[in-house]
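Numbering (full-length UniProt numbering), first residue to last: 1 to 142.
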C-alpha cells in the first residue's frame, strides 16, 4: 500500500510528533480530526487552498470535492472555521509523512515476516509503497 492510501492517523508511536506538524495543519486537525487533515496534506500539500462556502457554482464544485475527500460534516466545520479567509496554505509535511511511512514499513515488515521470508517481505513492501527494495532495506536498518 502506498503512502497515499494507508491511514497514518492510527500510528500511535507517532502521536508525539503530531505537535511537530505546522500550525496550519494542527489547526485543521483540531477542526476536522487528524485523519482528514492528513488527507488534505496528501492531496493539497504545497498549495494555497481556498476553503469554499459552497454558495456559488465554483464554490459548490470545490466544496463537493473536499466533502468527497474528508467528509461532508468535516468540510462544513472547516468552512465555518475558515469563513472570511481568502485561502490557507497547506504545507507538504514531507518529513513527518516520510517518518510515519517508514514506521508503517517497519511494522508491516514484522507482520509479514511471521509467515514469509525477509526477502519476500521486502519485495512486497517495495511494491506496496512504491519504493525500491534497497530503500526498504535502508528504512528497516535505520
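For each residue, glycine too, the CB sits at the ideal point set by N, CA and C.
Among the options, nearest to residue i - alpha-carbon criterion
{"i": "residue 109", "options": "121, 115 and 101", "result": "121"}
{"i": "residue 86", "options": "105, 132 and 49", "result": "49"}
{"i": "residue 66", "options": "133, 46 and 37", "result": "37"}
{"i": "residue 46", "options": "27, 22 and 61", "result": "22"}
{"i": "residue 26", "options": "90, 68 and 95", "result": "90"}
{"i": "residue 98", "options": "114, 82 and 142", "result": "142"}
{"i": "residue 136", "options": "103, 114 and 82", "result": "103"}
Cβ-Cβ separation, residue j to residue i (assumed contact under 8 Å), whole Å
{"i": "residue 51", "j": "residue 78", "result": "6 Å"}
{"i": "residue 40", "j": "residue 70", "result": "6 Å"}
{"i": "residue 96", "j": "residue 20", "result": "6 Å"}
Where the alpha helix (DSSP H) containing residue i begins and where it ends
{"i": "residue 110", "result": "94-112"}
{"i": "residue 133", "result": "133-141"}
{"i": "residue 128", "result": "118-128"}
Separation of residue j from residue i, as counted between CA atoms
{"i": "residue 92", "j": "residue 64", "result": "22 Å"}
{"i": "residue 88", "j": "residue 100", "result": "24 Å"}
{"i": "residue 16", "j": "residue 138", "result": "For residue 16, the pLDDT reaches just 44, beneath the cut-off of 50, and the residue's location in the model is therefore unreliable, although a value from the coordinates is still provided. Answer to the nearest angstrom: the Cα atoms are 24 Å apart."}
{"i": "residue 72", "j": "residue 117", "result": "43 Å"}
{"i": "residue 124", "j": "residue 111", "result": "12 Å"}
{"i": "residue 42", "j": "residue 84", "result": "24 Å"}
{"i": "residue 53", "j": "residue 126", "result": "41 Å"}
{"i": "residue 6", "j": "residue 57", "result": "With a pLDDT of only 45 at residue 6, under 50, the local geometry of the prediction cannot be trusted, and the value read off the model is given with reservation. Going from the Cα of residue 6 to the Cα of residue 57 covers about 33 Å."}
{"i": "residue 31", "j": "residue 81", "result": "7 Å"}
Ordered list of beta strand (DSSP E) runs contained in the region 5-87, each at least 3 residues: 47-49
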